[in-house]
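Novice: One point on numbering: in full-length UniProt numbering, the residue at position 31 of the sequence shown is 31, and numbering is uninterrupted. The beta carbon of each residue, even a glycine, is placed where N, CA and C say it ideally should be. From a predicted model like this one, the values you see are computed outputs, not experimental measurements.
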Amino acid sequence: MENNDVLRRVRYIFDFNDAKMISVFGLADHLVSREEVSDWLKREGDPTYQPLGDLHLAAFLNGLISDKRGKREGPKPENEKRLSNNMIFMKLKIALNLKAEDVMAILALADVIISKHELSAFFRKTDHKHYRDCKDQILRNFLKGLQLKYRSDAEAEAEEE
1 MENNDVLRRV
11 RYIFDFNDAK
21 MISVFGLADH
31 LVSREEVSDW
41 LKREGDPTYQ
51 PLGDLHLAAF
61 LNGLISDKRG
71 KREGPKPENE
81 KRLSNNMIFM
91 KLKIALNLKA
101 EDVMAILALA
111 DVIISKHELS
121 AFFRKTDHKH
131 YRDCKDQILR
141 NFLKGLQLKY
151 RSDAEAEAEE
161 E
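#1: Taking the straight line between their C-alpha atoms, what separation do you get for GLY26 and PHE123?
#2: Which value, in whole angstroms, describes the spacing of the CA atoms of ILE94 and MET104?
#3: Nearest to LEU109 by CA position, among LEU143, LEU98, ASN3, is which residue?
#4: Check TYR49 in the structure and name its three-state DSSP category.
#5: Do LEU107 and ASN141 count as a contact pair if the criterion is CB distance below 8 Å?
#6: Output yes or no for whether 8 Å exceeds the beta carbon distance between ASP54 and LEU7.
#7: Using only alpha-carbon positions, find the residue among SER120, ASN79, LEU96 that is nearest to TYR131.
#8: Excluding the 5 residues preceding and the 5 following ARG34 in the sequence, name in chain order all residues of the same chain whose CB lies nearer than 7 Å to its CB.
#9: Helix, strand or coil: how does DSSP classify GLU44 here?
#10: Taking Cβ positions, are ASN97 and ARG69 nearer each other than 8 Å?
#11: Any idea what DSSP makes of LEU83, helix, strand or coil?
Below you can see the structure in the form of structure tokens.
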């Protein structure tokens, strides 16, 4: 899955404005400008579109973990230079403090049913015999499920006011 698409979807799910996006990057000691964030969020056909590198997305996801769960004691985690769908999935799971049952429920919102064993295979070390690559479709459906969970809650609250 493209890094820019992941960034766009996470921004939409949590309704982050530009200032919040910049501050999330800052939580991982990664300084970015409003223009950079804006260019990363644009669609591929736009002339000012810029591809988002793994290092930048890793910084954003590490910042999201700090934002949602609080800063960790000790040294800050190093921003990964290479990201896989498995790592993106894991970082989102950590940031939202989700258990396996929570992840399965979120995937079910997007009409994807997987077992606990299938799910745990995505979070194993790459050299483990039961490790499985997370395909784009699974990550895309997880993000869709998050959107259904978090955006529909926010929209329901806005309607009540």
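Specialist: According to the data block:
#1: As a working note, residue 26 is residue 26 in the sequence shown. As a working note, residue 123 is residue 123 in the sequence shown. Those two C-alpha atoms are separated by around 27 Å.
#2: For this step, residue 94 is matched to residue 94 along the sequence shown. For this step, residue 104 is matched to residue 104 along the sequence shown. Cα to Cα, ILE94 sits roughly 14 Å from MET104.
#3: Position 109 of the sequence shown, counting from 1, holds the residue named residue 109. Nearest C-alpha to LEU109: LEU143.
#4: Counted from its first residue, the sequence shown places residue 49 at position 49. DSSP places TYR49 in coil when its eight states are reduced to three.
#5: Position 141 of the sequence shown holds residue 141. Position 107 of the sequence shown holds residue 107. Contact flag set, yes.
#6: Residue mapping note: residue 54 aligns to position 54 of the sequence shown, counting from 1. Residue mapping note: residue 7 aligns to position 7 of the sequence shown, counting from 1. Contact check for ASP54 against LEU7 fails: the beta carbons are separated by 8 Å or more.
#7: Here residue 131 corresponds to residue number 131 of the sequence shown, with the count starting at 1. Looking only at SER120, ASN79, LEU96, the smallest Cα-Cα distance to TYR131 is reached by SER120.
#8: Within the sequence shown, numbered from 1, the residue matching residue 34 stands at position 34. Taken in chain order, the residues that qualify are ASP18, ILE22.
#9: On the sequence shown, residue 44 is found 44 positions in, with the first residue counted as 1. Three-state DSSP puts GLU44 in coil, outside helix and strand.
#10: Here residue 97 refers to the residue found at position 97 of the sequence shown. Here residue 69 refers to the residue found at position 69 of the sequence shown. Less than 8 Å separates the beta-carbon of ASN97 from that of ARG69.
#11: Here residue 83 refers to the residue found at position 83 of the sequence shown. In the three-state reduction of the DSSP assignment, LEU83 falls in the coil class.
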